[in-house]
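2 protein chains.
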Amino acid sequence: MKKSYHHGELRQALIDAARALVREKGDDGFSLSDACRRAGVSTAAPYRHFADKHEILDEVLAQGFDDLTAGMAAAATAEPAGSPQRILALGHTYLKFAMAEPALFRMMFGQKADTAPDHIVVQRGKSCFGFVVEEVVTFCRLNRVQGDAMLIALQLWTLVHGATGLTIDGDYAKISDAIEVGQILALASDRLLFSLPRRMDAPGPIAGEDHVE
Amino acid sequence: MKKSYHHGELRQALIDAARALVREKGDDGFSLSDACRRAGVSTAAPYRHFADKHEILDEVLAQGFDDLTAGMAAAATAEPAGSPQRILALGHTYLKFAMAEPALFRMMFGQKADTAPDHIVVQRGKSCFGFVVEEVVTFCRLNRVQGDAMLIALQLWTLVHGATGLTIDGDYAKISDAIEVGQILALASDRLLFSLPRRMDAPGPIAGEDHVE
DNA sequence: CTTGCCATGTTAGTAAGTCTAACATATGTT
DNA sequence: AACATATGTTAGACTTACTAACATGGCAAG
C-alpha cells in the first residue's frame, strides 16, 4: 500500500519513531532526520506538525510520563492497600521503567528549561508524582503514621530517583560491580518508612508493624 | 600581546573555554566551534590536542571531579571527625557544586558509555566516591555503628544524588515551589544515619547520640 | 648563525543536521 | 467540477564535527 504523497498518520508515526530512536541511540544520538527516514518522509515534513525538534520530543516525554504513571498504578493494585510492599512496588516500577528506556527517563526528568507550569511535560510529571503522593497518603493513614505524607513521599522519591539515576548512568557499576541497587533501596526505604512516629491513640491495624528487622 | 600563530597554551585554554561554555549554555548547548572562537583559534586547531570533542569534555569532567572531591575534603575538615555534621557537610557540598554548575554535574554522572575502568573520568569518579566512603567508615568507627560502612555510604550517596538531580533539573520546582531540598535531605539522612544498630560492648564517645529528635 | 625538522597553527572542504521558503499534490467542501 | 487547504516535496541557508593539505615558527644539530 503506497501512500503516494500523504502519509496520513505522520504525526503519530514521527512520535513513535522518535521514541524508538531515543531508546536505540540515546537522547543525544537522536536526530530528526533519522525519524524522517524511518517514517519514510522528507526532512521537511515534520514541520507541518511540529514547530521544531524539541516539540516532538515533548510529546514523547509526555507519553513516557503516562506510561510510567500507568505502570506504577498497575503495580500498586497488585499489592494490598496500605502495605509497605505497595509502596516498594512503586519504586521498583520506577526503576524498571528507567532501565528499559534510560534515555527517555533522563530526558523526562532533565528538562531544565520547561519551567512553564502549563507545559505539557510539566503537567504529566505533576500528575505522575501526584499519584505517588496519594499512595503514600493512604499508607500513612492506614498505618497511623504521624507526619506530613507529602514530605515522606518526597524522601522516598528522592531516594528512588537517586538509585535510578546512578543505575542507568552506570555510576554504581563504575564504583564496583558488586553493588546491588535492590539492596540499597530495600535498606534505605525500610528506614524511611518504618522509623516513623505513630499515633497510638486509636485502634486499628498497623500494617507496617510486622516488617523484617 | 598578539600570539601571531602559535597560541602556546591552547590545550588548557580550550579546556577552560569548554567548561565555561558548558556552564553558560548547558551540556547540549556547547559546541567546539564556540570554544575555538573564545580561544581565538580556528575550528581545526583543537584536533592537534584532542582526538575529538568528547576528549575535551573528558578533561573537563575529570577536572570537575577533582574540584568536587577537593570541595568535599575542605568542607569535611571544617567539622570534627566522626560528627554527623561532617557527613552532612559532604552532601551539602555535593549539592552546592551541582547547583553552581548543573550541566557539568549532569555530564560527570551521566557518561553512560564510559565503562572502561581505566578511563580518566571513571578513575576520578571512583576516587571521589572513595573519599566519601572513607569519611563514612570513620564515622561508623567513631560511633561504634554496626554494619557495612560501604553500604551506608551508598545509601547516603543515593539519597544526596537523587536530591541533587531533582533540584538542578527543576523537578522539585515543577511539583511545588514550597519544597525545601535541605529539609528533605536533613530528615532522610537523619534516619539513614541514626537508626543504625550500635555496638555497645565497648567504651568511648558516641558522637551521634546527641542529635536532634 | 643557519638549516631543517616537526609541533602547532591555518584554510578549504565534506558530510550531517536543523530549519525555511517555494513549490506540488491530494482531499474534501461547496 | 473547482478551489482552498492540509500536507507533502525539493532546494538551499546555516551550523557543526571532523579531515586533508598547506603554512609558520620554535628549537636542535651542525
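For the protein sequence lines, the chains are A and B, in the order given.
FYI, the numbering for the first sequence is 0 to 212, going by numbering that gives the first Met the number 0.
FYI, the numbering for the second sequence is 0 to 212, going by numbering that gives the first Met the number 0.
Ideal placement from N, C-alpha and C gives every residue a C-beta, glycine not left out.
Fair warning: this is a prediction, and the values are worked out from it, not measured in the lab.
If you ignore the 5 residues before and after A80 of chain A, its C-beta comes within less than 7 Å of the C-beta of T137, L141, all in its own chain and listed in chain order.
Taking CB atoms only, T114 of chain B has a neighbour in chain A less than 8 Å away. From the beta-carbon of H160 of chain B, the residues of chain A found nearer than 7 Å are G161, G164, L165. Taking 4 residues as the minimum length, the alpha helix (DSSP H) runs contained wholly in the region 28 to 110 of chain B are 31 to 38, 52 to 76, 83 to 99, 101 to 108, in order along the chain. If you draw a 10 Å sphere on the C-beta of S188 of chain A, you find 16 or more other C-beta atoms in it, and that means buried. Within chain B, the C-beta atoms nearer than 8 Å to that of I174 of chain A come from G124, K125, F128, in chain order.
Across the structure, V180 of chain A and M98 of chain A are spaced so that their CA atoms are roughly 12 Å apart. Non-local beta-carbon contacts of A115 of chain B in its own chain, meaning distances under 8 Å to residues more than five positions away in sequence, involve V121 in chain order. Between A187 of chain A and chain B, the shortest Cβ-Cβ separation is below 8 Å.
When C-alpha distances from D33 of chain B are compared across B:A162, B:L191, B:D15, B:L158, the shortest belongs to B:D15. V159 of chain A and F29 of chain B have their C-alpha atoms spaced approximately 30 Å apart. A:A73 is the residue among A:A73, A:I178, A:D117, A:A172 whose C-alpha sits nearest the C-alpha of T92 of chain A.
The C-beta distance from A12 of chain B to A44 of chain B rounds to 10 Å, too long to meet the 8 Å contact threshold. Contacts between V121 of chain B and chain A, judged by CB atoms closer than 7 Å, involve K173 in chain order. Taking 8 Å as the threshold, the shortest C-beta distance from Q154 of chain A to chain B falls below it. Here T76 of chain B is exposed: its Cβ has fewer than 16 other Cβ atoms, across all protein chains shown, within 10 Å.
The Cβ neighbour count for E100 of chain A, taken over all protein chains shown within 10 Å, is at least 16; the residue is labelled buried. Rounded to the nearest whole angstrom, the CA to CA distance from I119 of chain A to A88 of chain A is 27 Å. In the assembly as shown, Q182 of chain A is an exposed residue. Its beta-carbon has fewer than 16 other beta-carbons within 10 Å.
Using beta-carbon distances, F29 of chain B does not count as an interface residue toward chain A, since no partner is under 8 Å. Taking all protein chains in view, the Cβ of G164 of chain A is crowded by 16 or more other Cβ atoms within 10 Å, so the residue is classified as buried. CA-to-CA, the gap between G146 of chain B and F193 of chain B works out to about 12 Å. Measuring C-alpha to C-alpha distances from E54 of chain A to each of A:Q84, A:G7, A:Q110, A:V40 identifies A:Q110 as the nearest.
Rounded to whole angstroms, the gap between the alpha carbons of V59 of chain A and G129 of chain B is 38 Å.
In the three-state reduction of the DSSP assignment, A115 of chain B falls in the coil class. Rounded to whole angstroms, the gap between the alpha carbons of C139 of chain B and F108 of chain B is 27 Å.
In the assembly as shown, D170 of chain B is a buried residue. Its beta-carbon has 16 or more other beta-carbons within 10 Å. Inter-residue distance for K95 of chain A and A19 of chain B is about 36 Å (C-alpha atoms, whole angstroms). In the three-state DSSP reduction, A177 of chain A falls in the coil class, being neither helix nor strand.
For E23 of chain B, the three-state secondary structure derived from DSSP is helix. Exposure of K24 of chain B is indicated by the presence of fewer than 16 other C-beta atoms within 10 angstroms of its C-beta. Among the residues of chain A, those whose CB is under 7 Å from the CB of I178 of chain B are L153, following chain order.
Rounded to the nearest angstrom, the gap between the Cα atoms of D176 of chain A and T166 of chain A is 11 Å. R143 of chain B is positioned such that its CB atom lies no closer than 8 Å to that of F64 of chain B.
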